[in-house]
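Protein chains in written order, with the numbering used here: chain A, 1 to 291; chain B, 1 to 550; chain C, 1 to 310. As structure tokens, the structure follows; a few thoughts come after it.
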């Protein structure tokens, strides 16, 4: 990281911000995520009850009111609390998946791109093997075999998401490999792994960040799909996907049970996608001229 | 013969001919009430998953939806849960109480016209025991057909099975132990068309073209996964002739979430309801709404052979820590009614005083748990409460489990994580005793206390074994005096509740809607004032209802 | 080039075999089997007979090899869930329906997505860009089952335009097709937008413009052609997913397609069908990726395949 010009690798942070904040949607997205993060940090302060507290047994399924802003769910829990704590769960699911995918995808992609040859071939075939597995099917198999629950869901989500990051990193490393500075570095005798880690990877940060940020909403949506099929997290964990699919039972009358988590899910996924898009647009030098 | 006599004879004969043909023409169908619509077609629902065979004696659980109406069992239920002689017209039991003789109705035929004989019933059970049948436990356990186990293992030849042909229309059934309630148990005994199986193999029951059955309806058209049409069977000569001409079952509409939408759009005429739809129906279509208690019990069951549940105090603590009344009036409002014993309210053998034994008493519960060595839940392992993934049960089972989770944490200090497992994984673990904590349902198969009480005998699906309980129940099963039986069952139940290998929670209250223009004694209230249109009574329902003008 | 293709096909075969072995092992590791013990346990004798009938009493590797051998000869046996027909017939009848609806959905999504993407790219950060992006984004941020149920409420129960489901004539096709098109629409629109943005900044576009070509000619003939490749690489894999049907759409609209079987085959332990479906999808996807890679070589000479040139 270069403090003088405030950059990480090739990515100049100030420049990026300049182009970033020109995109209003991205800014809105950032704002929403920021509010959500605040809400989830201060959750105990702003919610009337815990997400597992059966505080309102006498008001099962009641509609939004002054006491219960989002109403009450089927087991007597305050729905606003559940939705707000749900931010934590979605965040956990999304970011854990992204980190694990990063953990697997970046080293593999970097090695494949840099070393080429058999290593590249091997990694790409691994990528291909994982890519041809239908994610939903294998997720159901996995969860049926190893049980439902947050950890297993995150694990299987990561397993079906790492390939994109791997490809991105590999592609970037391939391009960067031919750049003058890396050739020069090799020429003056810098050891290969140093070249990879100190010169190439830092410059590949842009697609890694973008890949990660786009992986998060994907993971959250996949978890919502799995919950619908009954293979998601365990109660009483408040996952939005679970709440939406449970709420579908009651949608004809108790509309609030599906509406609020669906809105939050959509806002989160959208915001993260906009941020990801904005980052990608901003960090890509090829797109700068057009603004 | 004189001219006058001749004309009298001729007119008499032609009169008989006319009357005969009209009567015969109506033979396959019942005369319609005055307000009947011109088209007697019922649109109804069924699961999305195709069944495999349309043959009860090949598979019960995987059978094609609503095929109950193309088959007629030996005996049936009506809405008052009385045993009605359908395939058989009367029966008697020998002095030893073990051998029953059933006299079949001679006029019954298969849908292709072939006569229906005792050979077909014998063939059915023999095929089951030979091939491996998913409902086989019913015949060896509940009905106790003589030599079932030995014939299945190959130790005895097929002919030694306790079902034999005495003559073409007389069937003999022998049980291992005396069962006074056997006729009710035989509600699941269907004949199988031997001639069709010999010609087409078991696959005769997978296609409309080759299907042969003996019920009031027969298969008309079967478009896989789209719809299946049943039409009135012209060769049905039994006593439950239908009003309806056609029944169209549309796949995928059984789930209320999807089916109710079709119901509101008049695409199907009956639908089960889930809680959200219940509220909607209450407000908007109350005249179409019907409630029926079901004989489906839900209970928590433990593995009593290993800690922590090998200690009876732990189990009793769980029993007294749960407030069934509160649960049924809050999270399960309108969905279930509380139950404290195995034989639920309305079921024969129900014990009105047993409630006291499982009364809600949190102080007692906490004390019991301390005495068992886990004061305030300290040291108690974290448990997983396994639930069975079954679409229609989820709105009941899920909230109940979350309620139980919260309450047990609060009162006893124990940590429970409800987990939904798919059906087969769950049953495998339950039957093999590889997991220790389940919420299990059980729906009745026939109407007699033995159906439920036998569940807890040694060797069933529960690990618990108690010789005193076994003795009491077996004695009650074998007795022929109703008063004695009730007394023995009561004693056994109290023992069961005291030992608490299971904590009985509730029975489901089914809510459903059906269109107001569906009428007839099939959908009118029974002697308890309840109108039931339910899968367990399907044959009765569909042969006793008609479509009114609308 | 041909050597490359042969090498790829061989390695895809290896991937396929590995995937099938993994899935096969996972399938058989899940407890339970294609017999029902819903109420009470089966007697050991009965279970034995049933397993024997299905050929499940043989050791696992024998079952696997037997299945693969038959599969290569296109003999897939019978599904446990539908013993009245051959697997091939089952797949034919369901695939026809799923592929039809899914294909129509993609056919709807492709031009619409392109349109939204182009409009957004031509005027980035404008109001119309935000509108199109918002539209595309709705489709990827709301789960398809929610959208489907809402469609039934609005168009079926509310407006009475269509029946609530089933597969019987054009009226029942419209809502599922729209449901199928939603997600691809969003993805295609977003990728078109970013792809077009990249391309529109290339020097040759400037050259084309300075040559005096009209704006739209530039966009369509020059920019779009080059932007199309990345879009196609996104779309082609979607074919496989769409063709096999979405379990969600098929459940809600009661469509007798292939999607439902994916989940039911796991829950019912329908091993033959599961394996056949996996085989089907993996072969299809492997072919798709191969085609994409070849396409890239042909279209973009800057991308070299193989070991040389990197």
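Ideal placement from N, C-alpha and C gives every residue a C-beta, glycine not left out.
So which residues on chain A does residue 389 of chain B lean against when the C-beta distance must stay under 8 angstroms?
-> Ordered by position in chain A, the residues that pass the 8 angstroms Cβ test against residue 389 of chain B are 230.
Cα-Cα separation, residue 250 of chain A to residue 277 of chain B | Roughly 6 angstroms separates the two Cα atoms.
Tell me whether residue 208 of chain C counts as near the ligand MN, meaning its Cβ is closer than 6 angstroms to at least one heavy atom of that ligand.
-> By its list of ligands, the structure shown contains no ligand whatsoever, and the ligand MN lies outside what it can speak to.
Chain A beta carbons: is any one of them nearer than 7 angstroms to that of residue 285 of chain C?
-> At a cut-off of 7 angstroms between beta carbons, residue 285 of chain C contacts chain A.
Along the segment 15–41 of chain C, what residues have a CB closer than 8 angstroms to any CB found in chain A?
-> Interface annotation for the segment 15–41 of chain C against chain A: 15, 16, 18, 19, 23, 26, 27, 29, 30, criterion Cβ-Cβ distance under 8 angstroms.
Distance, Cα to Cα, residue 106 of chain A vs residue 279 of chain A?
-> A direct Cα-Cα distance of roughly 19 angstroms separates residue 106 of chain A from residue 279 of chain A.
Report the neighbours of residue 38 of chain B on chain A: residues whose CB is nearer than 7 angstroms to its CB, in chain order.
-> Proximity of chain A to residue 38 of chain B at the Cβ level (cut-off 7 angstroms) is not reached, the minimal Cβ distance being about 33 angstroms.
Name, please, each residue of chain B whose Cβ falls closer than 7 angstroms to the Cβ of residue 252 of chain C.
-> Those within 7 angstroms of residue 252 of chain C in chain B are 258.
Cβ shell of residue 273 of chain A (< 6 angstroms), same chain only, five flanking positions each side left out | Answer for residue 273 of chain A: 217, listed in chain order.
Give the single residue among B/221, B/215, B/100 whose Cα lies nearest to the Cα of residue 208 of chain B.
-> Measuring from the Cα of residue 208 of chain B, the nearest candidate turns out to be B/221.
Which same chain residues, not among the five before or five after residue 214 of chain A, have their C-beta less than 6 angstroms away from its C-beta?
-> Contacts found: 276.
Note down, in chain order, every chain C residue with its Cβ under 7 angstroms from the Cβ of residue 225 of chain A.
-> Neighbours of residue 225 of chain A on chain C, chain order: 143.
How long is the line joining the alpha carbons of residue 248 of chain B and residue 228 of chain B, rounded to whole angstroms?
-> Distance between the alpha carbons of residue 248 of chain B and residue 228 of chain B: 6 angstroms.
For the candidate residues B/165, B/90, B/307, whose alpha-carbon lies nearest to that of residue 126 of chain B?
-> Comparing Cα-Cα distances from residue 126 of chain B to each of B/165, B/90, B/307, the minimum goes to B/165.
For the segment 253–266 of chain A against the segment 83–92 of chain A, are there 3 or more C-beta pairs whose distance is under 8 angstroms?
-> The segment 253–266 of chain A, when compared against the segment 83–92 of chain A, does touch it at the 8 angstroms Cβ threshold.
According to the neighbour-count rule (16 or more other Cβ atoms, all chains shown, within 10 Å of its Cβ), is residue 62 of chain C buried or exposed?
-> Under the 10 Å beta carbon count, residue 62 of chain C is surrounded by fewer than 16 other beta carbons and is classified as exposed.
With DSSP collapsed to three states, give me the class of residue 557 of chain B.
-> Any answer about residue 557 of chain B is impossible in this case: the structure gives chain B only from 1 up to 550.
Tell me, please, whether the CB atom of residue 262 of chain B is closer than 7 angstroms to any CB atom in chain C?
-> Cβ-Cβ to chain C under 7 angstroms: yes for residue 262 of chain B.
Name the residues in the segment 252–272 of chain C whose C-beta lies less than 7 angstroms from a C-beta of chain B; which are they?
-> Identification of residues in the segment 252–272 of chain C having a C-beta nearer than 7 angstroms to some C-beta of chain B yields 252, 254, 256, 260, 264, 267, 269, given in sequence order.
Using 7 angstroms as the limit for Cβ to Cβ distance, is residue 161 of chain A near chain B?
-> Taking CB atoms only, residue 161 of chain A has no neighbour in chain B less than 7 angstroms away.
Do residue 303 of chain B and residue 32 of chain C have their CB atoms nearer than 7 angstroms?
-> Annotated as distal: residue 303 of chain B and residue 32 of chain C, with beta-carbon spacing of 7 angstroms or more.
Tell me which same chain residues have a C-beta within less than 6 angstroms of the C-beta of residue 12 of chain C, skipping the five on either side of it?
-> Around residue 12 of chain C: 286.
My understanding is that residue 344 of chain B touches residue 297 of chain B, with C-beta atoms under 8 angstroms, so please give their C-beta distance in whole angstroms.
-> Residue 344 of chain B to residue 297 of chain B, Cβ: 6 angstroms. Contact.
Residue from C/248, C/195, C/99 whose Cα sits closest to the Cα of residue 146 of chain C | Ranking C/248, C/195, C/99 by Cα distance to residue 146 of chain C puts C/248 first.
Nearest-angstrom Cα distance between residue 322 of chain B and residue 404 of chain B?
-> Their backbone Cα atoms lie some 7 angstroms apart in a straight line.
Whose Cβ in chain A lies nearer than 7 angstroms to the Cβ of residue 73 of chain B?
-> Contact annotation for residue 73 of chain B against chain A: no contact, minimum CB-CB distance about 34 angstroms [criterion: below 7 angstroms].
Using CA coordinates, which residue listed in B/501, B/548, B/386, B/224 is at the minimum distance from residue 64 of chain B?
-> Check the Cα spacing between residue 64 of chain B and each of B/501, B/548, B/386, B/224: the tightest is with B/224.
Would you say residue 173 of chain A faces chain C, with C-beta separation under 7 angstroms as the test?
-> Put simply, the CB of residue 173 of chain A is far from chain C, with every gap to its CB atoms at 7 angstroms or more.
Residue-level contact to chain C via CB, residue 61 of chain B, 7 angstroms cutoff | Interface residue, yes.
Check whether the Cβ atoms of residue 269 of chain B and residue 32 of chain B lie closer than 7 angstroms to each other.
-> In this structure, residue 32 of chain B does not lie closer than 7 angstroms to residue 269 of chain B by Cβ.
Between the Cα of residue 122 of chain A and the Cα atoms of C/204, C/60, C/46, C/14, which residue gives the shortest distance?
-> Nearest C-alpha to residue 122 of chain A: C/14.
Compare the C-alpha of residue 267 of chain B against each of C/168, C/264, C/151, C/78 and name the closest.
-> Of the listed residues, the one whose Cα sits closest to residue 267 of chain B is C/168.
Would you kindly report the start and end of the unbroken alpha helix (DSSP H) that includes residue 198 of chain C?
-> It spans 174–200 - the alpha helix (DSSP H) in which residue 198 of chain C sits, taken as one unbroken run.
Can you give me, in chain order, the residues of the segment 134–146 of chain B that have a beta carbon less than 7 angstroms from any beta carbon in chain C?
-> Those would be 134, 136, 137, 140, 141, in chain order.
Neighbour list for residue 111 of chain A in chain D, Cβ cutoff strictly below 8 angstroms | Considering every chain present, this structure includes no chain D. Its protein chains are A, B and C.
Per-residue burial, residue 481 of chain B [other beta carbons within 10 Å of its own, 16 or more giving buried] | Sixteen is the threshold: since fewer than 16 other Cβ atoms of the shown chains lie within 10 Å of the Cβ of residue 481 of chain B, the residue is exposed.
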